[in-house]
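Colleague: Position 119 of the sequence shown, counted from 1, bears residue number 109 in the numbering used here, the numbering being contiguous throughout. Glycine residues also receive a C-beta, built at the ideal position from the N, C-alpha and C atoms. This is the structure I have questions about; it appears just below.
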Amino acid sequence: MNQTEAINEDYEENFNVEFKENEEETELHEIDAHKEDLRTHTKIKKKLCGTIISFEQGYAKTTLQTTNDMIIDEYGLIHSGFIFSAADYAAAVAVNEDNVVIIGGRSKFLAPAKLNDLIEFEAHAKFEDSRKREIKVDGYINDIRIFEGVFQAVILENHILKTKIKQLTKNEH
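Encoded structure:
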């Protein structure tokens, strides 16, 4: 038994899931649904932050295929920053406004992710009638919730890098 097989077997025993190679899902991961309707984060690196499966106003479903670039040890454990980043991306897509900026968030990592996992994120945005949004994001591997978070976002009139500091503090109050 090689090291990868040993890691997979141990993971299956501890988390009661079956390890599968995600070759078919990886192909799906390469294609964004409804790209022409996307108004935010259009130049993001999908391999690092996830791929859109579907979205509509106030909702997004994305996936993150974990890769060698994300692992932190010889067991294939994925760094939580990649999971957080993918959840942040799902939150922004659920809002889908030109100048949406995530300004805060609370998160819980409920279970680990490992190399070759496909993580599915679902994001639901609230407070549609103001410039501020609250977005709840859940992440799953094979129907097991591994991440939950609540993000706060603000929609600015201009791109954040073209906005003066006084305008930013005015929008937050």
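1) Residue ranges of each alpha helix (DSSP H) run of no fewer than 4 residues wholly in the region 28 to 114, ordered along the chain?
2) Cβ atoms of residue 110 and residue 130: under 7 Å apart, would you say?
3) Beta carbon of residue 77, beta carbon of residue 125: below 7 Å?
4) Less than 8 Å between the CB atoms is what I'm expecting for residue 44 and residue 51, so what's the real figure, rounded?
5) Measuring alpha carbon to alpha carbon, tell me which residue in 123, 72 and 63 is nearest residue 54.
6) Mind checking residue 117: buried by the 16 CB within 10 Å criterion, or exposed?
7) For the candidate residues 152, 149, 153 and 144, whose alpha-carbon lies nearest to that of residue 84?
8) Specify, as a first and last residue, the run of the beta strand (DSSP E) that residue 121 falls within.
9) Which one of 112, 151, 92 and 120 has the shortest CA to CA distance from residue 134?
10) What span of residues does the beta strand (DSSP E) with residue 138 cover, start to end?
11) Do residue 56 and residue 107 have their CB atoms nearer than 7 Å?
12) Do the CB positions of residue 66 and residue 104 come within less than 7 Å of each other?
13) Buried or exposed for residue 151, please, with buried defined as at least 16 other CB atoms from any protein chain shown within 10 angstroms of its CB.
14) Could you tell me which residues DSSP puts in a beta bridge with residue 116?
15) Since residue 131 sits in a beta bridge, which residues does DSSP pair it with?
Modeller: Taking the geometry as given:
1) 36 to 39 and 70 to 85
2) yes
3) no
4) 5 Å
5) Relative to residue 54, the option among 123, 72 and 63 whose CA is nearest is 72.
6) exposed
7) 144
8) Premise fails: residue 121 is in no beta strand (DSSP E) and is neither H nor E.
9) A check of alpha carbon separations from residue 134 across 112, 151, 92 and 120 identifies 112 as the nearest.
10) 134 to 145
11) yes
12) yes
13) exposed
14) 124
15) 134
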